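A.B. asks: Chains as they are written, first to last, in numbering that gives the first Met the number 0: chain Y, 0 to 418; chain L, 0 to 271.
Glycine included, each C-beta is placed from N, C-alpha and C at the ideal position.
None of these values were measured; they are calculated from a predicted model.
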Amino acid sequence: MSTTLNPGERPTGYLPEGADINRNIAARRLRGKIWQALFFSSLVIGLLALGTLLYTIIDDSFGYIAVQTKIDPEELSDRPLAELSKEELIEILRANISAGLFRRFDRDEPFSERSKESVLQLIEERVIGREVVASFKLTESLLERERIEATVRERFPRARLEFHSWLNRDFLTRPMSSVPILAGVGNAILGSLWVIAITMILAVPIGILGGVYLEEYASDTWYYRLIETNINNLAGVPSIIYGILGLAVFVRALEPLTSGAAFGVTDSNGRTILSAGLTMALLVLPLMIINAREAIRAVPQSIRQASYGLGATKWQTVWHHVLPNALPGILTGTILSMSRAMGETAPLIVVGASTFVVFFPDSVFDKFTVIPIQIYNWTSQPGSQFRNIAAAAIIVLLVTLLLLNATAILLRNRFKRSY
Amino acid sequence: MTVAELSAVDMAQANGRYAVELHNTHIYYGSFRAVKDVSLQIERQRITAFIGPSGCGKSTVLRAINRMNDLIPGSRLEGRILFHGKNIYDPDVDPVEVRRRIGMVFQKPNPFPKSIYDNIMFGPRINGWRGTKAQADELVERALRGAAIWDEVKDKLHQPGTALSGGQQQRLCIARALAVQPEVILMDEPCSALDPISTLKIEELMLELRRNYTIIIVTHNMQQASRVSDYTAFFLMDADRAGQLVEYGPTEQIFTSPNDKRTEDYISGRFG
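1. Taking 6 Å as the cut-off, is the beta-carbon of LEU61/L closer than that to any non-hydrogen atom of the ligand PLP?
2. Count Cβ pairs between the region 67-87 of chain Y and the region 110-128 of chain Y that sit closer than 8 Å; are there 3 or more?
3. Starting from the N-terminal side, write out each stretch of the alpha helix (DSSP H) that is 4 residues or longer and does not extend beyond the region 169-207 of chain L.
4. Is there a Cβ of chain L sitting closer than 7 Å to that of LEU309/Y, yes or no?
5. State the DSSP-derived secondary structure class of SER164/Y, mapped to helix, strand or coil.
6. Hey, is LYS107/L's beta-carbon within less than 7 Å of any beta-carbon in chain Y?
7. Label SER267/L either buried or exposed according to how many other C-beta atoms from any shown protein chain fall within 10 Å of its C-beta, with 16 as the threshold for buried.
8. Mind checking VAL245/L: buried by the 16 CB within 10 Å criterion, or exposed?
9. Would you list the one or two residues that DSSP bridges to ASN86/L?
10. What distance in whole Å lies between the Cβ atoms of VAL283/Y and THR424/Y, which are believed to be in contact at a cut-off of 8 Å?
11. Tell me where the alpha helix (DSSP H) around MET221/L begins and ends.
12. Here's the rule: buried if 16 or more other CB atoms are within 10 angstroms of the residue's CB, otherwise exposed. What is ASP239/L?
13. Given LEU61/L, which residues of its chain have a CB within under 7 Å of its CB, disregarding the five upstream and five downstream residues?
14. Would THR312/Y count as contacting chain L if we go by Cβ distances under 7 Å?
15. Taking 8 Å as the threshold, find out whether the region 271-282 of chain Y comes into contact with the region 320-332 of chain Y through three or more Cβ pairs.
16. Which ranges does the alpha helix (DSSP H) cover as unbroken runs of at least 4 residues, wholly within the region 118-178 of chain L, from first to last along the chain?
17. Helix, strand or coil: how does DSSP classify ASN109/L here?
18. Please check if any C-beta of chain L sits within less than 7 Å of the C-beta of ALA426/Y.
19. Where in the region 139-195 of chain Y do unbroken runs of the alpha helix (DSSP H), each at least 4 residues long, occur, reported from the N-terminal end onward?
20. Does GLN315/Y get closer than 7 Å to chain L when you measure Cβ to Cβ?
21. What's the gap between the Cα of ARG129/Y and the Cα of LYS69/Y?
22. State buried or exposed for LYS132/L, treating a residue as buried only when at least 16 other CB atoms are found within 10 Å of its CB.
23. Could you check whether the Cβ of MET10/L sits closer than 7 Å to any Cβ belonging to chain Y?
24. In three-state terms, what does DSSP make of LYS85/Y?
25. Below 8 Å on the Cβ atoms is my guess for GLY328/Y versus ALA297/Y; work out the distance and round it to an integer in Å.
26. Counting only C-beta atoms, is MET205/L closer than 7 Å to chain Y at any point?
27. Taking 7 Å as the threshold (beta carbon to beta carbon), is ASN126/L in contact with chain Y?
28. Could you spell out the range, first to last residue, of the beta strand (DSSP E) harbouring ALA232/L?
29. Could you say if the region 65-79 of chain Y and the region 152-161 of chain Y meet the contact criterion of at least three C-beta pairs nearer than 8 Å?
30. Taking a contact to mean a Cβ-Cβ separation below 7 Å, would you say ARG100/L touches GLU203/L in this structure?
31. Does the Cβ of GLU343/Y have 16 or more other Cβ atoms within 10 Å, making it buried, or fewer, making it exposed?
32. Under the three-state reduction of DSSP, which class applies to ASN23/L: helix, strand or coil?
33. Using only the alpha-carbon positions, how far apart do ALA340/Y and ASN186/Y sit?
34. So, does the region 394-412 of chain Y touch the region 212-231 of chain Y, judging by three or more C-beta pairs under 8 Å?
35. Tell me, which residues are paired with GLN35/Y by DSSP?
36. Output the boundary residues of the alpha helix (DSSP H) element that contains ARG209/L.
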């Protein structure tokens with residue numbers, strides 16, 4: 000072919016020359032700018048979405064509440080209640096509640112043994128009876144204070160307006176209550192921790208070991224390819240399906256084990272922390288395996304060869320080189336799986352998270368609730384104050400997840416090695 | 000085959016001339032024959048260079064000698080490779096044992112992301128080394144001195160080996176190979192990633208090591224082959240893309256009066 004071409008001749012077709020070069024470059028640059036603008040606007044849309052999310056949550060979490068009491072505390076005593084002695088407080092309590100109720104409190108815990116704070120709390124609950132009659136959003140509270148004051152004066156003449164943070168220490172430590180202002184996520188946080196602990200105890204070792212086997216030992220045969228495909232697909236299965244699996248297997252079929260009946264626990268069914276943890280472990284296991292495999296695959300082949308070249312066995316190579324070098328990646332993936340499990344709601348609804356648990360779990364055979372379930376429950380309740388505590392619970396969940404992800408990044412940087 | 004058995008064979012063949020012998024070796028990757036019918040004998044305590052154009056199978060042959068090819072799925076070998084008269088591909092031979100006795104240095108320096116000290120001690124430790132701290136220190140020093148890098152690193156033994164320069168890393172890798180006391184050291188283009196000064200140091204080191212070890216080196220650099228090696232094997236790909244041995248003999252003869260026309264063409268730079 001080359002023999003038919005004259006090397007001195009210019010090829011046909013057109014390559015820009017002279018002023019055309021600049022026009023051509025300008026056109027190419029413009030195209031680049033348009034794409035850059037597109038990329039940037041996507042970023043802006045993302046940031047806007049995030050901003051809106053945060054705004055609505057924070058807007059609901061803080062703001063004015065109108066508090067109404069049955070009795071003005073000043074009518075009970077001419078001094079502030081907190082300054083009174085325990086005996087004086089007991090007298091106030093006796094004077095303002097029925098004799099039967101007073102005897103019941105005494106039976107529950109004799110007044111002689113109660114602390115002053117405990118008596119004060121009884122007075123606040125039973126005598127003063129603080130009740131939130133209206134709540135307002137943060138923006139309203141900041142910008143339209145006068146209108147709020149007018150509304151409250153008109154509709155609840157006896158109510159007092161005060162600024163309230165729905166997210167506070169009591170909220171973090173108290174259990175669920177049917178009264179929004181008394182409700183907290185304490186037992187939901189604890190429930191989440193229990194479930195995550197069981198999930199991780201099971202999913203982390205199985206995931207890592209499975210990943211090592213598939214990556215280092217399994218040969219490239221059709222059945223291992225089938226297993227691989229399966230694992231990859233399982234990672235994409237909707238979580239509710241895992242919930243149904245958990246319900247069928249752990250809650251129903253294995254009830255004697257998961258309810259603790261086999262271990263002598265009597266007052267429980269299969270809808271326990273253990274069932275939830277097992278279900279979540281199944282859910283994150285494919286993620287763990289995929290992630291461990293990727294981390295292992297990222298270990299350079301040259302390190303393995305160096306190890307084998309010195310007479311190391313496969314196990315020594317895996318133990319001394321592959322696993323330590325894959326560790327940062329595995330850790331990152333573990334924490335990301337953990338945050339996935341932490342935020343999952345659907346499977347736990349199916350497995351039977353209880354939405355109204357007022358006690359704190361103290362064994363794996365207890366009924367449980369977790370933060371996302373609590374949020375789900377509160378958002379579906381009538382009454383605007385449930386929205387406020389739902390927003391506060393969302394902040395708790397988001398902060399927890401952010402902390403987990405930050406830990407993942409820190410750990411990865413700490414264990415990172417250079418080759 | 001245990002170390003003891005190998006050593007017993009060693010005693011019997013102490014005066015044997017050849018460290019490694021290949022007899023009618025064919026190497027396959029799946030159904031593809033990468034190397035066809037190679038027979039050659041590697042002399043003890045000499046440097047043997049494998050040269051040839053890319054894809055001619057010289058690296059494959061080198062890696063067959065310490066069974067590194069076993070790590071590639073689907074690879075297979077026909078024929079025999081004798082080490083102390085024992086076929087290392089016999090079913091009763093453990094490749095781990097072979098690799099301890101026949102060390103390897105790779106194209107790209109690949110120190111472990113550990114300290115220099117741990118890089119050296121890794122081989123002995125995994126091979127069941129026992130000894131005091133002082134003995135370990137001595138072993139490390141000996142290996143590093145053997146690889147002519149002791150003076151450069153003696154003050155930073157506990158710093159990562161990956162922080163060294165490329166040439167130093169490669170000598171560290173040689174020291175690491177020496178630490179398990181092999182008899183044969185295979186070098187797969189050990190200088191291709193290094194600058195000329197580092198290359199010179201490695202070449203000097205090879206000539207030094209020749210006194211105690213048998214060295215087989217794959218190189219693309221013909222000057223290097225002619226500078227350091229005692230024997231040269233020239234490989235070439237045939238029409239089926241399978242590598243084969245064209246000519247093998249003393250380096251001087253290969254470079255001055257080769258028997259084969261193809262060798263002469265390659266040596267004189269007419270192709271390749």
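C.D. replies: Walking through what the data contain:
1. With respect to the ligand PLP, the structure shown offers nothing to examine, as it has no ligands at all.
2. Enough Cβ pairs lie closer than 8 Å, so yes.
3. As far as the region 169-207 of chain L is concerned, it has no whole alpha helix (DSSP H) run of at least 4 residues.
4. By this cut-off, LEU309/Y is an interface position.
5. In the three-state reduction of the DSSP assignment, SER164/Y falls in the strand class, which pools E and B.
6. The beta-carbon of LYS107/L is placed less than 7 Å from the nearest beta-carbon of chain Y.
7. By the 10 Å Cβ count, SER267/L comes out exposed.
8. Around the Cβ of VAL245/L, a 10 Å sphere holds 16 or more other Cβ atoms; the residue is buried.
9. Answer is LEU81/L.
10. Look at the range of chain Y in this structure, 0 to 418, and you will see that residue 424/Y is not part of it.
11. DSSP places MET221/L inside the alpha helix (DSSP H), whose first and last residues are 221-227.
12. Its Cβ having fewer than 16 others within 10 Å, ASP239/L is exposed.
13. Excluding sequence positions up to five before and after LEU61/L, its CB lies within less than 7 Å of the CB of PHE49, LEU185, ASP187, ILE215, VAL217, all in the same chain and listed in chain order.
14. True, the Cβ-Cβ gap to chain L drops below 7 Å.
15. No, the region 271-282 of chain Y is not in contact with the region 320-332 of chain Y.
16. Whole alpha helix (DSSP H) segments, 4+ residues: 132-145, 149-152, 165-177.
17. Coil at ASN109/L, not helix or strand.
18. Because chain Y is modelled from 0 through 418, residue 426/Y falls outside the range shown and cannot be assessed.
19. 144-154, 168-172, all fully within the region 139-195 of chain Y.
20. True, the Cβ-Cβ gap to chain L drops below 7 Å.
21. Our two residues, ARG129/Y and LYS69/Y, have alpha carbons roughly 7 Å apart in a direct line.
22. Exposed: under 16 other Cβ atoms inside 10 Å.
23. The pLDDT assigned to MET10/L is 47, lower than 50, so where the model puts this residue is not dependable; a value taken from the coordinates is nonetheless given after this. Residue contact check for MET10/L against chain Y: no CB pair falls below 7 Å.
24. Shown here, LYS85/Y sits in a helix according to DSSP, grouped into three states.
25. That belief holds up - the Cβ atoms of GLY328/Y and ALA297/Y are roughly 6 Å apart, short of 8 Å.
26. So no, MET205/L is outside the interface.
27. Yes, contact with chain Y.
28. Per DSSP, the unbroken beta strand (DSSP E) holding ALA232/L starts and ends at 230-236.
29. Yes, since at least three Cβ pairs between the region 65-79 of chain Y and the region 152-161 of chain Y fall closer than 8 Å, the two stretches touch.
30. No, the Cβ-Cβ distance between ARG100/L and GLU203/L is not below 7 Å.
31. Taking all protein chains in view, the Cβ of GLU343/Y is crowded by 16 or more other Cβ atoms within 10 Å, so the residue is classified as buried.
32. If DSSP states are grouped into helix, strand and coil, ASN23/L belongs with the strands.
33. ALA340/Y and ASN186/Y: Cα-Cα distance of roughly 17 Å.
34. Output reads no: the region 212-231 of chain Y does not touch the region 394-412 of chain Y.
35. In DSSP, GLN35/Y forms no bridge with anything.
36. It is not in any alpha helix (DSSP H) - ARG209/L carries neither H nor E in the DSSP assignment.
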